[in-house]
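J.: Handing you a structure now.
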Amino acid sequence: MRLARFKTVRGRLLALLIGIALPIAGLTAITAITTYQTVTAAIRTSQMRTVEDYAVRTRVWYRGALRSLLAGGSALALTARDSSDCGKVGGQTLARVAGYRAIHVLPRGGDACAFSLDPEVSAADLAAAAAMLQAKPPVQSWAGTELAQVRYDHVTLGGKRYLAVYAQSDETGSPLREGLLLVDPELLDQVFDLGDGEPGLVVALVGRGGDIIVSRGTAQPDDASWLPARDLAPAAKEPSQVQSRAGVSRVYATRIVADPDFYIIASFDDALGQAARTQFLVLLLAPLLTLALLCVVYLRAIDKHCVRWLRGIEAAARTRSTLTTARAVIADDMPSDIRSVAEAFNTMVEEQEVRQRKLQTALDDNRFLVRELHHRVKNSLQVVQSYIGLTKRDYRGDARMALADAECRVHVLSAAYRFTLADGEMQPVRIDLFVDDVVTMISNLLRRRDQWVTSIVDTRASLSVDRIIPLGFLIVDVMSRALRSTPGVSIQISVSDIDDGTVEIAIEADREIAHSAPPKLFAGLVTQIEAIQAGAPEGARLGAWRVAHFT
Numbered sequence: 193m194r195l196a197r198f199k200t201v202r203g204r205l206l207a208l209l210i211g212i213a214l215p216i217a218g219l220t221a222i223t224a225i226t227t228y229q230t231v232t233a234a235i236r237t238s239q240m241r242t243v244e245d246y247a248v249r250t251r252v253w254y255r256g257a258l259r260s261l262l263a264g265g266s267a268l269a270l271t272a273r274d275s276s277d278c279g280k281v282g283g284q285t286l287a288r289v290a291g292y293r294a295i296h297v298l299p300r301g302g303d304a305c306a307f308s309l310d311p312e313v314s315a316a317d318l319a320a321a322a323a324m325l326q327a328k329p330p331v332q333s334w335a336g337t338e339l340a341q342v343r344y345d346h347v348t349l350g351g352k353r354y355l356a357v358y359a360q361s362d363e364t365g366s367p368l369r370e371g372l373l374l375v376d377p378e379l380l381d382q383v384f385d386l387g388d389g390e391p392g393l394v395v396a397l398v399g400r401g402g403d404i405i406v407s408r409g410t411a412q413p414d415d416a417s418w419l420p421a422r423d424l425a426p427a428a429k430e431p432s433q434v435q436s437r438a439g440v441s442r443v444y445a446t447r448i449v450a451d452p453d454f455y456i457i458a459s460f461d462d463a464l465g466q467a468a469r470t471q472f473l474v475l476l477l478a479p480l481l482t483l484a485l486l487c488v489v490y491l492r493a494i495d496k497h498c499v500r501w502l503r504g505i506e507a508a509a510r511t512r513s514t515l516t517t518a519r520a521v522i523a524d525d526m527p528s529d530i531r532s533v534a535e536a537f538n539t540m541v542e543e544q545e546v547r548q549r550k551l552q553t554a555l556d557d558n559r560f561l562v563r564e565l566h567h568r569v570k571n572s573l574q575v576v577q578s579y580i581g582l583t584k585r586d587y588r589g590d591a592r593m594a595l596a597d598a599e600c601r602v603h604v605l606s607a608a609y610r611f612t613l614a615d616g617e618m619q620p621v622r623i624d625l626f627v628d629d630v631v632t633m634i635s636n637l638l639r640r641r642d643q644w645v646t647s648i649v650d651t652r653a654s655l656s657v658d659r660i661i662p663l664g665f666l667i668v669d670v671m672s673r674a675l676r677s678t679p680g681v682s683i684q685i686s687v688s689d690i691d692d693g694t695v696e697i698a699i700e701a702d703r704e705i706a707h708s709a710p711p712k713l714f715a716g717l718v719t720q721i722e723a724i725q726a727g728a729p730e731g732a733r734l735g736a737w738r739v740a741h742f743t
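Using the working numbering, read the sequence shown as starting at 193 and increasing by one per residue.
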């Protein structure tokens, strides 16, 4: 794991812990899953073994009943030659085994012999039942060679249900051609006694249509609510969990006894499966919760003994921008290495404050010198303007006009410095105040008595002194040339906002004038102002310029 990918101490330490915890969590999860699979496999094996035990015992019982039928039927076929002998021998045969209720024997080469201990079952009933079972296919052999062609079923005669064992022999030497034995279902109930078994176990021998022949584990023998709501494959190799007829989810396992109608079905209440799932969750979640708790404790320890002090140093560093006395906290319970960093930070801050005080003192001195320099420049410009004004009195004509033009330009410089140092510090100059001042000076110095100069200023924009001075020169230059060339002209300068960041300056006369080429210096002034010409001089228009400004 590349810890350098994480930018913070906390992130790197947490990543290290997770890098250790994840393999442990993975091994824990694998162990829990393996244990769960082993337990569930053992539960499934036990359930299938349970239903297999019932099936085997049922098959053994049926095989014993078949042997009794074959032995008793053969003896009856040999000894019973008339109906009286048949009844006598048949009665003795049935009386020897409890639960055997009726027998029907068809000897080879003789008449049928039938006897029943229940008076409701007649010889005709037994013959009809034998014919019905003869028409059905025999059951498949369970193991080895079958004794005869056999059919195991259940029939209802005289209003009573019986287990039926039908056998048909094709051997030439056998005195018995076919035989039918009816057995009381209660006799098979002894086969279903395998002890207490699994809690919630219900098992039954089921026939055609889901009829319960005999069952174990229910309060009522005929109670079928525990059976599955849908038919299950009798030869299924694995238990399946489905809804019972009562709407309860249960686990079912089946095993065929006599194909296709007889099979054993066992139902389990899934208590062992639930216990296995609970054990799985405990095995899975307990270590994971332990690791999660370890992570929480680890994070709190990191925050308390490491990150908290680092954040204190960071907070002190950030607070320095608003509170110069801020220092990193130093406590006795700080780790020694972080304490050393905090002390070094405080030492650095103190040295920085000393340097900052020295720099502030030097900056104040420089500001004072700059203000004094600009103040001297402003005074010098005013002195130059005054000398030009005094000198102008001694001249007439073009010389006087040239001196007035120079005085007006010097006034632009003086006004710009006056406005920018109005509050003792260099600051942007408001365009409206500056333009009004310059226009007033032009009106006083450059216009004749028949000429007029006015201004309409609608803006609150400002420009730096480096841009406002060439703007003043541009205004003086344009108006001066127009006033000198056109007697009786009236000139108006308009200043207005185009948008939030642009102001337009337009100069117009009240009549068309003869435009002269601007001096070479004019293009340099436009560049210094960073202006864009919005309208060229034409007719009464002296020009228009757009300038980006401070808001």
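All residues carry an ideal CB built from backbone N, CA and C; glycine is no exception.
Source: prediction; values computed, not measured.
From Gln471, Gly581, Gly371, Gln643, pick the residue whose C-alpha is nearest to that of glutamine 326; which is it?
T.: The option with the nearest alpha carbon to glutamine 326 is Gly371.
J.: Could you please give me the residues that DSSP links to threonine 694 through a beta bridge?
T.: Answer is Asp691, Ala740, bridged to threonine 694.
J.: Just the Cα atoms here: how many angstroms apart are aspartate 217 and threonine 226?
T.: Per the sequence shown, the amino acid found at residue 217 is alanine instead of aspartate. Each residue's Cα considered, the two are about 14 Å apart.
J.: So, are the CB atoms of cysteine 498 and valine 201 less than 9 Å apart?
T.: It is a contact, given that the beta carbons lie within the stated cut-off.
J.: Beta-carbon separation of arginine 438 and serine 407 under 9 Å?
T.: For the sequence presented, residue 438 should be read as alanine rather than arginine. No, Cβ-Cβ distance for alanine 438 and serine 407 is not below 9 Å.
J.: Just the C-alpha distance for arginine 676 and leucine 613, rounded to the nearest angstrom, thanks.
T.: Their Cα atoms are separated by approximately 33 Å.
J.: Just mark glutamine 552 as buried or exposed, buried being the case when its beta carbon has 16 or more other beta carbons within 10 Å.
T.: Looking at its Cβ environment, which holds fewer than 16 other Cβ atoms inside 10 Å, glutamine 552 is exposed.
J.: Locate the beta strand (DSSP E) running through arginine 422, then write down its first and last residues.
T.: Arginine 422 -> no beta strand (DSSP E), and no H or E assigned at all.
J.: Taking the CB atoms as reference points, tell me whether alanine 732 and isoleucine 697 lie closer together than 9 Å.
T.: Going by C-beta atoms, alanine 732 is not nearer than 9 Å to isoleucine 697.
J.: With distances taken from CA atoms, which of Ser647, Phe714, Arg236 is nearest glutamate 430?
T.: Nearest C-alpha to glutamate 430: Arg236.
J.: Rounded to the nearest angstrom, what separates glycine 199 and leucine 205 at their Cα positions?
T.: Looking at the sequence itself, residue 199 is lysine, so the reference to glycine does not match. Taking the straight line joining both Cα atoms gives about 11 Å.
J.: Please name the residue, chosen from Ser266, Tyr254, His346, Thr539, that lies closest to serine 361 on a Cα-to-Cα basis.
T.: The shortest C-alpha separation from serine 361 is found at Ser266.
J.: Pick from Arg610, Glu599, Arg601: whose alpha carbon is nearest that of asparagine 571?
T.: For asparagine 571, the nearest C-alpha among the options comes from Arg610.
J.: I'd like the list of long-range same chain contacts for isoleucine 661, defined as Cβ closer than 7 Å, with 5 residues on each side in sequence excluded.
T.: If we look at isoleucine 661 and ignore the five residues flanking it on each side, its Cβ neighbours are Val604, Leu605, Ala608.
J.: Let me confirm a value: arginine 659 is counted as buried when at least 16 other C-beta atoms fall within 10 Å, else exposed. Which label applies?
T.: It is buried - the Cβ of arginine 659 has at least 16 other Cβ atoms within 10 Å.
J.: Would you give the residue range spanned by the alpha helix (DSSP H) that alanine 591 belongs to?
T.: Note, alanine 591: alpha helix (DSSP H), 590-612.
J.: Please list, in chain order, all residues of the same chain as serine 672 whose beta carbon is under 8 Å from its beta carbon, the five residues on each side excluded.
T.: Only Asp597, Cys600, Ile634, Leu638 meet the Cβ criterion.
J.: Are the CB atoms of aspartate 650 and serine 708 nearer to each other than 9 Å?
T.: Contact: no.
J.: What are the boundary residues of the alpha helix (DSSP H) that includes serine 578?
T.: 528-584 is the extent of the alpha helix (DSSP H) around serine 578.
J.: Indicate whether tyrosine 246 and valine 395 have their beta-carbon atoms separated by less than 9 Å.
T.: Cβ atoms of tyrosine 246 and valine 395: closer than 9 Å.
J.: Leaving out five residues before and five after leucine 298 in sequence, what residues of the same chain have Cβ atoms less than 6 Å from its Cβ?
T.: Around leucine 298: Ala304, Arg369, Glu370.
J.: Does the distance from the CB of valine 357 to the CB of leucine 380 come in under 9 Å?
T.: No, these two residues do not count as a Cβ contact at 9 Å.
J.: What first and last residue would you give for the beta strand (DSSP E) that runs through cysteine 305?
T.: Here the beta strand (DSSP E) through cysteine 305 covers 305-308.
J.: For the beta strand (DSSP E) that contains alanine 723, what are its first and last residues?
T.: Note, alanine 723: beta strand (DSSP E), 723-727.
J.: State the start and end residues of the unbroken beta strand (DSSP E) segment that holds arginine 353.
T.: From DSSP, the beta strand (DSSP E) with arginine 353 extends over 352-360.
J.: Going by other Cβ atoms of all chains shown within 10 Å of its Cβ, with 16 needed for buried, is histidine 567 buried or exposed?
T.: Flag for histidine 567 reads exposed.
J.: Using a Cβ-Cβ cutoff of less than 6 Å, which residues in the same chain neighbour phenylalanine 472 once the five nearest sequence positions on both sides are dropped?
T.: Contacts found: Ala224, Tyr228.
J.: Mind checking who valine 627 pairs with in its DSSP beta bridge?
T.: Valine 627 is not bridged to any residue.
J.: Taking the alpha helix (DSSP H) that serine 672 falls in, what are its first and last residues?
T.: Start and end: 657-677.
J.: To which residues does DSSP link glycine 392 through a beta bridge?
T.: Glycine 392 pairs with nothing; no bridge assigned.
J.: Looking at the structure shown, is tyrosine 292 part of a helix, part of a strand, or coil, going by DSSP?
T.: Three-state result, tyrosine 292: strand.
J.: Starting from glycine 302, trace the beta strand (DSSP E) in both directions and tell me its first and last residue.
T.: Segment: none, glycine 302 is in no beta strand (DSSP E) and carries neither H nor E.
J.: Could you compute how far the alpha carbon of alanine 340 sits from the alpha carbon of leucine 262?
T.: Using only the alpha carbons, I get a separation of about 9 Å.
J.: Is alanine 207 near the ligand ZN, judged by its Cβ being under 8 Å from some heavy atom?
T.: The model on display carries no ligand, and the ligand ZN is accordingly not part of it.
J.: Starting from alanine 701, follow its DSSP beta bridges and name the residues at the other end.
T.: DSSP lists Ile683 as partners of alanine 701.
J.: Say whether the stretch 580-599 touches the stretch 639-648, bearing in mind that this needs 3 or more beta-carbon pairs closer than 8 Å, one atom from each stretch.
T.: No, the stretch 580-599 does not touch the stretch 639-648.
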